[in-house]
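Chains Y and U supply the protein sequences, listed in that same order. Position one of the first sequence corresponds to residue 2 (our numbering), numbered consecutively onward. Position one of the second sequence corresponds to residue 2 (our numbering), numbered consecutively onward.
Protein chains: 2
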Amino acid sequence: MLFIELDLQSETPIYTQLVDQIVEGIASGVLQPGDPLPSIRSLAEDLGINLHTVNKAYNLLKQEGLLQVHRKKGVIVQPDGMPGVTEAFEEKLRRQLRSLAAAAAVRGMAEEVFAQESRAVYRAMITNRGGE
Amino acid sequence: MLFIELDLQSETPIYTQLVDQIVEGIASGVLQPGDPLPSIRSLAEDLGINLHTVNKAYNLLKQEGLLQVHRKKGVIVQPDGMPGVTEAFEEKLRRQLRSLAAAAAVRGMAEEVFAQESRAVYRAMITNRGGE
DNA sequence: TTGTTTGTTATATTACATGTATAACACAAA
DNA sequence: TTTGTGTTATACATGTAATATAACAAACAA
Numbered sequence: 002m003l004f005i006e007l008d009l010q011s012e013t014p015i016y017t018q019l020v021d022q023i024v025e026g027i028a029s030g031v032l033q034p035g036d037p038l039p040s041i042r043s044l045a046e047d048l049g050i051n052l053h054t055v056n057k058a059y060n061l062l063k064q065e066g067l068l069q070v071h072r073k074k075g076v077i078v079q080p081d082g083m084p085g086v087t088e089a090f091e092e093k094l095r096r097q098l099r100s101l102a103a104a105a106a107v108r109g110m111a112e113e114v115f116a117q118e119s120r121a122v123y124r125a126m127i128t129n130r131g132g133e
Numbered sequence: 002m003l004f005i006e007l008d009l010q011s012e013t014p015i016y017t018q019l020v021d022q023i024v025e026g027i028a029s030g031v032l033q034p035g036d037p038l039p040s041i042r043s044l045a046e047d048l049g050i051n052l053h054t055v056n057k058a059y060n061l062l063k064q065e066g067l068l069q070v071h072r073k074k075g076v077i078v079q080p081d082g083m084p085g086v087t088e089a090f091e092e093k094l095r096r097q098l099r100s101l102a103a104a105a106a107v108r109g110m111a112e113e114v115f116a117q118e119s120r121a122v123y124r125a126m127i128t129n130r131g132g133e
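Listed below in structure tokens is the structure:
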């Protein structure tokens with residue numbers, strides 16, 4: 002570690018930034034199933050933030066099934082298969098996409114451009130997978 | 002009015018729900034440029050919420066250039082041309098798309114499905130435009 | 001054993017966001 | 001004048017975000 006960069010001036014909470022960047026790390030392949038993550042305390046110290054802020058982020062990811070917490074191995078990326086696309090996730094995804102699509106449409110961004118933008122962002126995220 | 006439906010149990014703030022639904026109203030064509038919106042007080046009363054909560058939503062939309070506030074006409078949908086796709090908006094859009102794309106990719110949603118989902122949400126939003 | 005590190009839990013505090021409750025102001029319209 | 005508009009100010013209650021300590025049991029290393 003650490004590919005994590007925090008913006009303490011940002012309006013998005015620190016624990017949310019942590020969650021996002023870890024998820025992106027898994028999606029991009031930088032973090033592979035079974036890979037260890039820093040301990041709560043060491044990550045908090047490295048980032049200069051509080052223990053509980055890291056703990057909150059880890060717990061959210063654990064509840065989503067993206068992380069496992071072993072008493073032995075510490076915190077690792079889910080090795081037993083990632084959660085699938087549940088109906089609840091689909092709903093949440095669509096609700097957030099609707100908000101973005103509306104903002105884009107109002108500003109005159111065409112359907113093709115919006116769809117292409119989505120595709121490009123996805124592609125840029127998972128390119129160079131396996132590159133560790 | 003009113004196509005606005007609030008979920009007071011939701012974790013998303015009331016003023017954010019207001020902003021989203023008004024933007025979606027403009028994007029879908031239900032709200033046309035120049036159309037009047039309810040006064041702050043009347044909308045607050047209709048929705049059973051406080052005056053300042055509506056005011057906050059209206060002000061955010063005013064700052065984004067989606068609403069105008071006339072001392073005479075009251076609050077109306079921007080009649081002098083909507084704001085375009087600025088660089089700042091592009092950045093914000095991409096940042097939020099990245100978060101969604103990562104969550105989708107981690108759960109095994111393929112690039113094509115994600116892009117198609119984005120397109121479908123956009124299309125469903127602006128269909129039956131002009132239908133008032 | 002002892003010491004250390006792990007995740008976990010509890011408590012307390014500060015700061016900020018959210019939402020409400022009143023009140024008052026200046027401006028425009030009936 | 002009376003009413004309704006957006007605007008502004010103040011105050012309050014509640015919840016979230018983040019920090020600061022502290023303690024605990026489980027696992028590991030010396």
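Virtual Cβ for every residue (Gly too), placed ideally from N, Cα, C.
DSSP lists U:Pro37 and U:Gln69 as the bridge partner or partners of isoleucine 77 of chain U. In this structure methionine 110 of chain U is not in contact with arginine 99 of chain Y, their Cβ atoms being roughly 17 Å apart against a cut-off of 8 Å. According to the DSSP assignment, threonine 54 of chain U belongs to the alpha helix (DSSP H) that extends over 52-64. Its Cα nearest to that of arginine 72 of chain U, the residue U:Ile41 stands out among U:Ile41, U:Asn51 and U:Gly49. Within chain Y, the C-beta atoms nearer than 7 Å to that of valine 122 of chain U come from Arg95, Leu98, Arg99 and Ala102, in chain order. Straight through space, the alpha carbons of valine 122 of chain U and glycine 85 of chain Y are spaced by roughly 21 Å.
Taking the Cβ atoms as the reference, valine 55 of chain Y lies roughly 15 Å from leucine 67 of chain Y, outside the contact range of under 8 Å. Inclusion of leucine 19 of chain U and alanine 58 of chain U in the CB contact set at 9 Å is warranted, their separation being smaller than that value. Per the coordinates, the alpha-carbon of glutamine 69 of chain Y lies some 6 Å from the alpha-carbon of lysine 63 of chain Y. Contact between alanine 116 of chain U and leucine 94 of chain Y is ruled out by a C-beta separation of about 13 Å, above the 8 Å threshold. In this structure, proline 34 of chain U places its C-beta atom within 9 Å of the C-beta atom of methionine 83 of chain U.
A direct Cα-Cα distance of roughly 5 Å separates alanine 28 of chain U from alanine 103 of chain Y. Secondary structure at alanine 102 of chain U: helix, using DSSP grouped into helix, strand and coil.
Residue contact check for glutamine 117 of chain Y against chain U: a CB pair falls below 9 Å.
Put simply, the CB of leucine 67 of chain U is near chain Y, with a gap under 9 Å to one of its CB atoms. For isoleucine 77 of chain U, the nearest beta carbon of chain Y is not closer than 9 Å to its own beta carbon.
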